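In the working numbering, the protein residues as written are 1173 to 1350.
Backbone N, C-alpha and C fix where the C-beta goes; we use that ideal spot for every residue, glycine too.
The model shown is predicted, which means the values in this text are computed figures rather than measured ones.
One structure is given below, encoded as structure tokens.
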């Protein structure tokens, strides 16, 4: 019996974080080391993410840098990410507010008396049900990149929100990723 040499591509949640970082900062040319440093990931992990994203047509090489394949990345993020990377909600925790309490949605939804979902983080200023981020370094990376924080919190609204939150999150994500 012959074995196939090729293996099926499996995207990791961190791959989407890397692709979104490159997309929302499309005005910048990243060196692998600087991208890894800003995301607080190992260079080898970022390199692997870029390779997988290239195979999935989420990223492409242009000249010496990386560019997001905008239509494919937007489609996967809006329509597929919540199924590929389902939300994992845990107990109450201190952390960084996300989803409905994130930068783009907090003005649209009344959180009076409710506790916002948070990415567990010792430096966070919110308290609520914990939502496992796509990668454990996401809170630290988002402290220094507001655009990344915005799209990842919108993605979290798509992952855990009800129909109304998903609809608004989808529209705002499409706007950010266009």
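Kindly give me the distance between the Cβ atoms of residue i and residue j, rounded to whole angstroms, as I take these residues to be in contact under 8 Å.
i            : j            : result
residue 1302 : residue 1292 : 5 Å
residue 1254 : residue 1331 : 5 Å
residue 1333 : residue 1279 : Incorrect: roughly 15 Å between the Cβ atoms, too far for contact.
residue 1304 : residue 1260 : 4 Å
residue 1406 : residue 1188 : Residue 1406 lies beyond the range of the chain shown here (1173 to 1350); nothing can be said about it.
residue 1250 : residue 1347 : Not really, about 11 Å apart at Cβ, beyond 8 Å.
Determine the burial state of residue i: buried for a count of at least 16 other Cβ atoms within 10 Å of its Cβ, exposed for fewer.
i            : result
residue 1297 : exposed
residue 1237 : exposed
residue 1232 : exposed
residue 1210 : buried
residue 1214 : exposed
residue 1243 : exposed
residue 1288 : buried
residue 1286 : exposed
Please work out which residues of its chain come closer than 8 Å, Cβ to Cβ, to residue i, disregarding the five sequence neighbours upstream and downstream, and give them in chain order.
i            : result
residue 1344 : 1276, 1277, 1326
residue 1317 : 1193, 1196, 1197, 1210
residue 1351 : With the chain represented from 1173 up to 1350, any question about residue 1351 goes unanswered, as that position is not in the structure.
Measuring alpha carbon to alpha carbon, tell me which of the options ends up nearest residue i.
i            : options                : result
residue 1240 : 1253, 1254, 1251, 1225 : 1225
residue 1294 : 1280, 1315, 1232, 1281 : 1315
residue 1194 : 1328, 1323, 1279       : 1323
residue 1203 : 1222, 1181, 1178       : 1222
residue 1205 : 1249, 1217, 1199       : 1217
residue 1319 : 1289, 1191, 1219, 1251 : 1191
residue 1234 : 1198, 1317, 1290, 1281 : 1198
residue 1227 : 1243, 1183, 1258, 1264 : 1183
residue 1186 : 1340, 1309, 1244, 1349 : 1309
residue 1230 : 1219, 1248, 1220       : 1248
residue 1181 : 1220, 1342, 1268, 1281 : 1220
Excluding the 5 residues preceding and the 5 following residue i in the sequence, name in chain order all residues of the same chain whose CB lies nearer than 6 Å to its CB.
i            : result
residue 1312 : 1212
So, at 7 Å on beta carbons, what are the nonlocal neighbours of residue i in its own chain, with the 5 sequence-adjacent residues on each side left out?
i            : result
residue 1245 : 1191, 1195, 1230, 1349
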